[in-house]
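First the structure, in the form of structure tokens, and then the observations on it.
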Amino acid sequence: MFLQKRLLEKRKLRTRVLLPVMIGCVALASACVAPPTPPSGPTITGQACPADSGVTVVVDYTALNNSIVVACAAGPQASGFAALTATGFTYTEVPTYPGAVCTINAQPAQGFPFCWETGGYWGYYRSADRSSVWDYSPVGAAEGPLVEGSVEGWVWQADFSDNLPGISILGLVKYTP
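Going by our numbering, the letters in the sequence shown line up with residues 279 to 455, in that order.
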């Protein structure tokens, strides 16, 4: 009986000492493991035009490099191509389909025939003013004129998807000076 009592006390002592140590180790290990980070959205840079001045241009590279660039072309613009150029973007046209954009600022890097034939295309969206929603443009970027306050959007449509620009028209207010 004495031996049993002594063994029982030893177990209690071990439990009193080891249990807090084990809990501490688990807590320490848990603290060292970073929680999973949710996937972040695209990086958005640049500024939109003030509400009724200039033509705002949005180029959505999300599918290519997880970024969206917003820029302002001062005053009315003759066409979507003119607005792209006025905001500092460069573009190339699809060799087999003049008027269709192949690359914007050398993206996608693969160029033709990746653009338009195998990898995707630049979807072209418009909005007559900052209070509307994106509409897929029924005309090409060579058409115009574009009035002040209008918004042009370009989105790389990987695998020929049909995605709207990654920033809403109303969301542009956040990027307006």
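Backbone N, C-alpha and C fix where the C-beta goes; we use that ideal spot for every residue, glycine too.
Using 10 angstroms around the beta-carbon of Gly444, count the other beta-carbons present and answer buried if the total reaches 16, otherwise exposed. As a first step, residue 444 must be located in the sequence shown, where it is residue number 166. Gly444 should be labelled buried.
Using DSSP's beta-bridge definition, name the partner residues of Arg404. In the sequence shown, residue 404 corresponds to position 126, counting from 1. Asp413 and Glu430, per the DSSP bridge assignment.
Who are the near neighbours of Leu342 in its chain, counting only those whose CB is closer than 7 Å to its CB and skipping five residues on each side? Locating residue 342 in the sequence shown gives position 64, counting from the first residue. Contacts found: Gln385, Pro386 and Trp434.
Please identify the residue among Ser345, Asp338 and Val337 whose C-alpha is closest to the C-alpha of Pro320. On the sequence shown, residue 320 is found 42 positions in, with the first residue counted as 1. Closest option to Pro320, Cα to Cα, is Ser345.
Is the separation between the beta-carbon of Asp407 and that of Gly427 shorter than 8 Å? Residue mapping note: residue 407 aligns to position 129 of the sequence shown, counting from 1. Residue mapping note: residue 427 aligns to position 149 of the sequence shown, counting from 1. Yes, the pair counts as a contact, with Cβ atoms nearer than the cut-off.
Suppose the cutoff is 6 Å on Cβ atoms and the five residues either side in sequence are ignored; what does the same chain contact list for Ser331 look like? Translated into the one-based positions of the sequence shown, residue 331 becomes position 53. Within the same chain, Ser331 has close Cβ partners Glu426.
Residue of Ala351, Ser318, Asp338 and Thr340 minimising C-alpha distance to Ala326: Position 48 of the sequence shown, counting from 1, holds the residue named residue 326. Closest by alpha carbon: Ala351.
Within a Cβ cutoff of 8 Å, which residues of the same chain sit near Thr323, ignoring the five residues on either side of it in sequence? Counting from one through the sequence shown, the residue named residue 323 turns up at place 45. Hits under 8 Å: Ser345, Ile346, Val347 and Val348.
DSSP state of Cys380, grouped into three classes? As a working mapping, residue 380 is identified with position 102 in the sequence shown. Three-state DSSP puts Cys380 in a strand.
Can you give me the C-alpha to C-alpha distance between Pro373 and Cys380, rounded to a whole angstrom? Within the sequence shown, the letter at position 95 stands for residue 373. Within the sequence shown, the letter at position 102 stands for residue 380. Roughly 8 Å separates the two Cα atoms.
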